[in-house]
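Counting along the sequence shown from 1, when you hit position 266 you're at 266 in full-length UniProt numbering, and nothing is skipped either side.
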Amino acid sequence: MGITLHLLLHSDRDPIPDVPAIYFVMPTEENIDRICQDLRNQLYETYFLNFISAISRSKLEDIASAALSANAVTQVNKVYDQYLNFITLEDDMFILCHQNKELISYHAINRPDLQDTDMEAIMDTIVDSLFCFFVTLGAVPIIRCPRGNAAEMVAVKLDKKLRENLRDARNSLFTADNMTAGQFSFQRPLFVLVDRNLDMATPLHHTWTYQALVHDVLDFHLNRVVLEESSGPEPSPSGARPKKKNRKTYDLTAADKFWQKHKGSPFPEVAEAVQEELDTYRAQEDEVKRLKSIMGLEGEDEGAISMLSDNTAKLTSAVSSLPELLEKKRLIDLHTNVATAVLDHIKSRKLDVYFEYEEKLMSKSTLDKSLLDIISDPDAGTPEDKMRLFLIFFITAPQPPTETDLEQYKKALLDAGCDLSPLNYIKQWKAFAKMASPANYGSGVKPMGLFSRVMNTGSQFVMEGVKNLVLKQHNLPVTRTLDNLMEMKSHPETDDYRYFDPKMLRGSERLFVQAIVFVVGGGNYIEYQNLVDYAKSKQGRRLVYGCSELFNAAQFIKQLAQLGQK
């Protein structure tokens, strides 16, 4: 399109009267006011207005009257409803809004002082984004949801919105023309809505796969990771300002082949893969250097000349692959830095110990040490790590601990510097949920002994003392729910799920090849990865994971603490 300048709507902008302007905005009150002001100030030659969500008639009339009074009606060239009010992070993963996400957070939906009108507004926001998602997808889903929670409210509202749009044949967004572009158009997808309260342990879990670890321990959002690098080992002189840390940002996207291949791998495999890539790169680099030195051959004998022509071809090939080699080097440096930062956290906080212990708790396996020992160990993790571990124990325990035991745990947690607010909320949650402990969350891990191949002296990663744990394949509650509904299995967990088909009055059971699962109240990369692994084991299935917001354990525990203080 030849766009040469990107500006924020509410920034101070100078008039550029001979240039067309493309607006890409949410149709909010303040945004509409600003567009009207731009029209009055005659900032641009022509205006193309693109609204992320559908604009209401009244707001459209506000723009029309502003254009009329500014004598700029002919300058407003196009007005589009784009239906793009969601963010796609992966080919098979999306989230709703990123800014103002606290408006639809787990905390917002579950706070005790929530008014009905507030809840309606939250549900409308979520439904608007989901409607945009299905318009963009070009498919009318079949909706399934549990009863009696926020997920059901979203399902009812979404079904109504889809039905109303389908009924208006003239303006329907799901006509044959609009749906040809849809990747699901040849078969309707199953849309499973679940509530975050279905599984409260997984968002708190210490994880072991690369992408989920990066999200858990580093500053990672919207596919960008920010690393802080200390600016040298020497301490600042006393009284001097501490040295400013360098911040480096890296984009981890689909273009990064290493990331695409290894983001779902257990961390030990990632460390090994980075080392292997580095060794391969060094060998290629050495080969180029060797060929360059051979090219300086002297002497006229035939052997040298034939060797020269052979090596010329090799060098030409090596030089032509230089851009590829440089890109490889960039990715190796990137993942060496990211993986080293993750490894520092694993070693300093003993995250391998937490991961293994939590997996045993979640799969009801035999525990090799007492929970109190880990909580009381000053070298094992941060206060937040200890709180996460205890909450998982509390959530997954078939019977809650006795008052005496609980007091003992609380004292140990307080001594370790923990804030008990999240526990206050989880106690209320467990009492309200009246849940016997949900079925198994996990299936444990296989310890593979300590690291072998990555322990060689030339390795970038000193893995000494870190356990080489390998995950066993198992389905988390969200994946299990999806599996029951896709495969039409009769199961107590999903037998009473409601069924909505916006295209028909009465539902009909069918097998599905494509499904979208959406978590109301927030999701995480652990569930996403579990779903990806499940899809790999089912030939020909296409699955998409969505959530109202994406949080890591620290962000989730903060919301639980806010709820526990009320």
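Glycine included, C-beta positions come from ideal geometry on N, C-alpha and C.
As computed with DSSP, Ala-66 is found in no beta bridge at all. Under the DSSP assignment, Ile-142 falls outside any alpha helix (DSSP H), being part of the beta strand (DSSP E) whose first and last residues are 142-145.
Measuring C-alpha to C-alpha distances from Asn-223 to each of Thr-336, Leu-39, Ile-95 identifies Ile-95 as the nearest. Burial state of Val-154 is buried, judged by a 10 Å Cβ sphere holding 16 or more other Cβ atoms. Per DSSP, Ala-254 is not a residue of any beta strand (DSSP E), being assigned neither H nor E. Straight-line measurement puts the Cα of Tyr-525 at about 20 Å from the Cα of Thr-340.
Between Phe-258 and Glu-277, the CB-CB gap stays under 9 Å.
Non-local beta-carbon contacts of Asp-159 in its own chain, meaning distances under 7 Å to residues more than five positions away in sequence, involve Ile-143, Phe-500, Pro-502 in chain order. Around Gly-381, the same chain offers Arg-349, Lys-350, Tyr-354 as residues with beta carbons nearer than 7 Å, after the five sequence neighbours per side are excluded. Looking at the DSSP output, Phe-48 shares a beta bridge with Ile-22, Lys-78. Asn-246 sits in a strand when the DSSP states are folded into three classes. The alpha helix (DSSP H) runs of length 4 or more contained entirely in the segment 189-223 are, from start to end of the chain, 210-217. Counting only residues of its own chain and dropping the five nearest sequence neighbours on each side, Leu-372 has a CB closer than 8 Å to the CB of Gln-408, Tyr-409, Ala-412.
Cβ neighbours of Ser-172 within its own chain (closer than 6 Å, five residues either side excluded): Asn-165, Leu-166. Per DSSP, the continuous beta strand (DSSP E) segment holding Met-93 begins and ends at 93-95.
DSSP places Val-338 in no beta strand (DSSP E) but in the uninterrupted alpha helix (DSSP H) bounded by 322-349.
In the DSSP annotation of this structure, the continuous segment of the alpha helix (DSSP H) that includes Tyr-106 starts and ends at 106-110.
Taking the Cβ atoms as the reference, Val-342 lies roughly 36 Å from Val-513, outside the contact range of under 8 Å. By the neighbour-count criterion, in which a residue is buried when 16 or more other Cβ atoms sit within 10 angstroms of its Cβ, Arg-196 is buried. If you draw a straight line from the Cα of Ser-65 to the Cα of Thr-336, it comes to about 57 Å. Between His-205 and Ile-392 a beta carbon distance of about 6 Å is seen, short of the 8 Å cut, so the two are scored as contacting. The shortest C-alpha to C-alpha distance from Thr-46 to any of Ser-58, Ser-56, Ile-22, Gln-37 is the one to Ile-22.
Note that the C-beta distance between Gly-546 and Phe-133 is below 9 Å. DSSP lists no beta-bridge partner residue for Glu-527. In this structure, the CA atom of Lys-536 is about 10 Å from the CA atom of Asn-530. Excluding five sequence positions before and after Pro-27, the CB atoms of its chain that fall closer than 8 Å to its own CB belong to Phe-51, Ile-52, Ser-53, Ala-54, Ile-55, Ser-56, Lys-59, given in chain order. According to the DSSP assignment, Tyr-409 belongs to no beta strand (DSSP E) but to the alpha helix (DSSP H) extending over 403-415. When Ile-35, Leu-43, Pro-400 are compared, the shortest CA-CA separation from Leu-49 is found for Ile-35. When the Cα atoms are used, Asp-62 and Val-76 turn out to be separated by approximately 13 Å. Under the 10 Å beta carbon count, Lys-78 is surrounded by fewer than 16 other beta carbons and is classified as exposed. Distances from the alpha-carbon of Asp-385 to those of Lys-369, Phe-394, Ile-374 put Ile-374 closest. Looking at the DSSP output, Thr-88 shares a beta bridge with Phe-94. Looking from the CA of Phe-267, the closest CA among Asp-216, Ser-11, Gln-275, Tyr-210 belongs to Tyr-210. By the C-beta density criterion, Lys-263 is buried, having at least 16 other C-beta atoms within 10 angstroms. If you ignore the 5 residues before and after Ile-87, its C-beta comes within less than 8 Å of the C-beta of Phe-94, Ile-95, Leu-96, Cys-97, His-98, Leu-222, all in its own chain and listed in chain order. Apart from the 5 residues on each side of it in sequence, Leu-334 sits with its Cβ closer than 7 Å to the Cβ of Tyr-250 in its chain, given in chain order.
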